[in-house]
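Its first residue numbered 1420, the sequence shown is counted upward by one per residue in the numbering used here.
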Amino acid sequence: MENLQSAVDSLVHSSNTLFILIGAVMVLAMHAGFAFLEVGTVRQKNQVNALSKILSDFAISTLAYFFIGYWISYGVTFMQPAAVITADHGYGLVKFFFLLTFAAAIPAIISGGIAERARFVPQLCATALIVAFIYPFFEGMIWNGNFGLQAWLLERFGASFHDFAGSVVVHAMGGWLALAAVLLLGPRQGRYRDGRLVAFAPSSIPFLALGSWILIVGWFGFNVMSAQTLQGVSGLVAVNSLMAMVGGTVAALIVGRNDPGFLHNGPLAGLVAICAGSDLMHPVGALVTGAIAGALFVWCFTAAQGKWRIDDVLGVWPLHGLCGVWGGIACGIFGQTALGGLGGVSLISQLIGTSLGVIVALAGGFAVYGAIKAFHGLRLSQEEEYYGADLSVHKIGAVSQD
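This is how it looks when you write it as structure tokens:
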């Protein structure tokens, strides 16, 4: 019987390890989506820089999270013999890999907002600081119960802050961090002339669409595999993600008046919003959540660029920041049993947790990017920006005419 139990335990651990490893690889693939979404949106003279930033940011994020960030979040260090850290088929290692891909999404999100005028090395420095300290501080507070916030919310309001796959912990954090960076950088040259917005057309709609599709497919690993074990997997998460994606697509198509940029960001808005409550909502609630997010993205992107003069190139603040906030709140609304959800959530707790995420992100963003701006500079020179980051930073263009 002992041998049988040992064999069963081994099978469970190996299955869970494979399950979360597949999720990690799917979310890793999403970084190609971030890259091509940015490549297609920026002007051609900045395409190489977009690709280079995403890969370089991931590498720096891995180092920062492995040596510092993961320890801050979960109190786990891998500075032990390999015989120790490979227990349970190395489940602890692939769990780190999975959560790393979430952490690395933060600089990938920021990259799209600051595109076309940010310096390369200072952004890598910001990535290291954010992934090592800012993001893990909030991640550990929400997903590991650090500092007692979740326990207090549970005692005071009957439920802790619920964010199953990171509407707030990942997306809102990334979006509001990006807003701080965008405001400190200022708009691109020539973006506003005589008080009017000047359109900068995307360089490649096919690349933009490819990036969107890669993100959409990978997102099912992002959400479904957030269960982290086979025993916890739920088809409800998959269908809710699907319905929110479709809702965001249809809303962006209608409100955005067939604009392909809005159309291909609409599903991403819906997926951002459903992350928090994908394990609780009824599919109809997920559809409504995604539709509101798709419309919210179009309206706020248009207002940010035109009325508020926030030159956020990919619209990462509306897409991730505002739709992430909506996702945290929507979880507290549509997760209730009265609206077909599974319950166990408090709207007040959701409002408190979401607000705290925004505060931490803004404070951290202004601190990190403000310090780098003061001591080293954030922005390309006027001449470098004019010629584009590809030639100015990487000394090569995206395409050759020969």
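Glycine included, C-beta positions come from ideal geometry on N, C-alpha and C.
These figures come from a predicted structure and were not determined experimentally.
(Q) Please state the DSSP three-state secondary structure of L1699. (A) Translated into positions along the sequence shown, residue 1699 becomes position 280. Here L1699 sits in coil by DSSP.
Point to revise | Where L1423 falls: helix, strand or coil (DSSP) | key: Start at 1 with the first residue of the sequence shown, and residue 1423 comes out as number 4. Three-state result, L1423: helix.
Problem set entry | Assigned secondary structure, A1782 (DSSP; H/G/I helix, E/B strand, else coil) | In the sequence shown, counting from the first residue as 1, residue 1782 sits at position 363. The answer is helix: DSSP assigns A1782 an H, G or I state.
Burial state of F1486 (16 or more Cβ within 10 Å): Taking the first residue of the sequence shown as 1, we reach residue 1486 at position 67. Answer is exposed; the Cβ neighbour count stays below 16.
Quick check on this structure: which residue in T1648, F1453, V1431, N1435 has the alpha carbon closest to the alpha carbon of G1630? Numbered from 1 along the sequence shown, position 211 holds the residue referred to as residue 1630. Checked all of T1648, F1453, V1431, N1435; the closest Cα to G1630 is F1453.
Q. Using the beta-carbon count (16 or more within 10 Å), is F1566 buried or exposed?
A. Residue 1566 sits at position 147 when you count from the first residue of the sequence shown. F1566 is exposed by the Cβ-count criterion.
| request: Run the CB neighbour count on L1649, radius 10 Å, all protein chains shown included, and call it buried at 16 or more, exposed below. | output: As a first step, residue 1649 must be located in the sequence shown, where it is residue number 230. So L1649 ends up on the exposed side.
By DSSP's criteria, A1599 is part of a beta bridge. Which residues make up the other side? Position 180 of the sequence shown, counting from 1, holds the residue named residue 1599. For A1599, which the question treats as bridged, DSSP gives no partner whatsoever.
- Buried or exposed: R1536, going by 16 or more other Cβ atoms within 10 Å of its Cβ? Within the sequence shown, the letter at position 117 stands for residue 1536. R1536 should be labelled buried.
Checklist entry - Does DSSP put A1483 in a helix, a strand or coil? => result Position 64 of the sequence shown, counted from the start, is the residue given in the question as residue 1483. DSSP places A1483 in helix when its eight states are reduced to three.
inquiry  = Less than 6 Å between C-beta atoms, sequence neighbours within five positions excluded: which residues of the same chain meet that for S1765?
reply    = Position 346 of the sequence shown holds residue 1765. Cβ within range, chain order: F1576, G1577, A1578.
message = I need the straight-line Cα distance from A1597 to F1557, nearest angstrom please.
response = As a working note, residue 1597 is residue 178 in the sequence shown. As a working note, residue 1557 is residue 138 in the sequence shown. As the crow flies, the alpha-carbon of A1597 is around 16 Å from that of F1557.
Practice item. Locate the alpha helix (DSSP H) running through W1632, then write down its first and last residues. Key: Taking the sequence shown and counting its residues from 1, one reaches residue 1632 at position 213. Its alpha helix (DSSP H) spans residues 1624–1643.
- Going by the beta-carbon positions, is the gap between Y1554 and G1488 smaller than 8 Å? Against the sequence shown, residue 1554 aligns to sequence position 135. Against the sequence shown, residue 1488 aligns to sequence position 69. Yes; because the gap between Cβ atoms is below 8 Å, this pair is in contact.
Three or more C-beta pairs under 8 Å: does that hold for the segment 1543–1551 against the segment 1651–1658? no
Which term fits V1601, buried or exposed, when burial requires 16 or more other beta carbons within 10 angstroms of its beta carbon? To locate residue 1601, count along the sequence shown from 1; it is residue 182. Result: buried.
Burial state of Y1484, where buried means 16 or more other Cβ atoms lie within 10 Å:
As a working mapping, residue 1484 is identified with position 65 in the sequence shown. With 16 or more other Cβ atoms inside 10 Å of its own Cβ, Y1484 counts as buried.
For D1613 and E1803, what's the separation of their Cα atoms in angstroms? Here residue 1613 is taken as the residue at index 194 of the sequence shown, counted from 1. Here residue 1803 is taken as the residue at index 384 of the sequence shown, counted from 1. The straight-line gap from Cα to Cα measures roughly 23 Å.
Subject >> Euclidean distance between Cα positions of M1449 and T1460 >> reply: Stepping through the sequence shown from its first residue, residue 1449 is reached at position 30. Stepping through the sequence shown from its first residue, residue 1460 is reached at position 41. Their backbone Cα atoms lie some 17 Å apart in a straight line.
- Item | G1531, enclosing alpha helix (DSSP H) - first and last residue | Here residue 1531 refers to the residue found at position 112 when the sequence shown is read from its first residue. That run of the alpha helix (DSSP H) goes 1506–1532.
Q) Since C1750 and Q1769 are thought to touch, with beta carbons under 8 Å apart, how far apart are those beta carbons, to the nearest angstrom? A) Residue numbering aside, residue 1750 sits at position 331 when the sequence shown is read from its first letter. Residue numbering aside, residue 1769 sits at position 350 when the sequence shown is read from its first letter. Rounded, the Cβ-Cβ distance is 6 Å, consistent with contact.
Report task. Report yes or no: do the segment 1779–1787 and the segment 1582–1599 share at least 3 C-beta pairs separated by less than 8 Å? Result -> By the Cβ rule, the segment 1779–1787 counts as touching the segment 1582–1599, because three or more pairs are nearer than 8 Å.
### Query
Tell me the DSSP bridge mates of L1572?
For the purposes of this step, residue 1572 is taken as residue 153 along the sequence shown, with counting starting at 1. Beta-bridge pairing links L1572 to no other residue.
To which residues of the same chain is A1714 closer than 6 Å at the C-beta, ignoring the five residues directly before and after it? Here residue 1714 refers to the residue found at position 295 of the sequence shown. Only A1670, V1674 meet the Cβ criterion.
Spatial distance of V1495 from I1624 (CA atoms) | What you label residue 1495 is simply residue 76 of the sequence shown in a count that begins at 1. What you label residue 1624 is simply residue 205 of the sequence shown in a count that begins at 1. Rounded to the nearest whole angstrom, the C-alpha separation of V1495 and I1624 is 43 Å.
From R1728 to P1606, what distance separates their C-alpha atoms?
-> Here residue 1728 corresponds to residue number 309 of the sequence shown, with the count starting at 1. Here residue 1606 corresponds to residue number 187 of the sequence shown, with the count starting at 1. Roughly 8 Å separates the two Cα atoms.
Checklist line | Euclidean distance between Cα positions of A1695 and V1587 | finding: Along the sequence shown, read from residue 1 onward, the residue named residue 1695 stands at position 276. Along the sequence shown, read from residue 1 onward, the residue named residue 1587 stands at position 168. Distance between the alpha carbons of A1695 and V1587 is about 7 Å.
Notebook entry, point to check: Nearest CA to the CA of G1442: which residue from V1643, L1627, S1530?
Noted result: Position 23 of the sequence shown, counted from the start, is the residue given in the question as residue 1442. Selected option, being the one with the closest Cα: V1643.
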